[in-house]
Amino acid sequence: MDTFGLQPSQLVCLELSHGNHQTMLYAEVIQLVVERAICWARPLVMLRVPGTAIAPGVDWMDVLKDADWIDLRDSPDLLLPISLFRAAFDTEVLPIITQLHATKPPEERDRHVHQQVRSFVQELCIAHPDAFGE
């Protein structure tokens with residue numbers, strides 16, 4: 000079974016494109032369950048950016064300035080098909096991690112944040128039904 004080049008402790012990204020924006024959820028791989036093609040990942044942050052922000056020639060730092068950030072460090076872990084994840088590039092993730100660690104994690108669980116993660120996962124499932132098998 001293919002792990003798509005992913006390994007534990009690696010930073011990965013789940014992406015969803017909407018008509019007018021793109022959502023990216025960054026997470027850390029905890030474990031790969033190769034036999035079931037599942038990735039156990041711990042969410043770190045979710046970004047929402049305008050749909051045209053990610054394109055050739057666009058400065059990633061400018062994209063991050065205009066992004067809506069949601070701190071997910073206190074969110075439940077995810078178990079999703081490995082095929083939905085992609086490795087996060089150092090150039091995209093280092094500024095995110097730097098800014099994330101400059102802020103204090105939420106002191107208590109925020110129901111609104113959990114609803115946004117649940118909604119993102121539901122949209123991901125709808126967008127990629129083939130990744131979930133039969």
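Here numbering that gives the first Met the number 0 is used: the sequence shown runs in plain steps of one and ends on residue 133.
Backbone N, C-alpha and C define an ideal beta-carbon position, used for all residues, glycine too.
Values in this document were obtained by computation on a predicted structure and should not be read as measured data.
Once DSSP output is grouped into helix, strand and coil, what is the label at residue i?
i      : result
Ser118 : helix
Ala36  : coil
Ala86  : strand
Thr102 : coil
Arg41  : strand
His113 : helix
Ala66  : coil
Leu15  : strand
Pro94  : helix
Pro49  : strand
Leu123 : helix
Pro128 : helix
Taking all protein chains shown into account, decide if residue i is buried (16 or more other Cβ within 10 angstroms of its Cβ) or exposed.
i      : result
Ile125 : exposed
Ala26  : buried
Met23  : buried
Val32  : exposed
Phe131 : exposed
Leu71  : buried
Phe88  : exposed
Leu13  : buried
Leu93  : exposed
Using a Cβ-Cβ distance under 8 Å, would residue i count as near chain B?
i     : result
Ile69 : Annotation note: the requested chain B is absent from the structure, which comprises a single protein chain.
What distance in whole Å lies between the Cβ atoms of residue j and residue i, which are believed to be in contact at a cut-off of 8 Å?
i      : j     : result
Ala86  : Val11 : 6 Å
Ile8   : Ala36 : Inspection of the sequence shows that residue 8 is occupied by Ser rather than by Ile. About 19 Å; that fails the 8 Å criterion.
Leu63  : Ile95 : 7 Å
Phe119 : Leu15 : 7 Å
Meets three-Cβ-pair contact criterion under 8 Å: the stretch 36-44 and the stretch 75-83: yes
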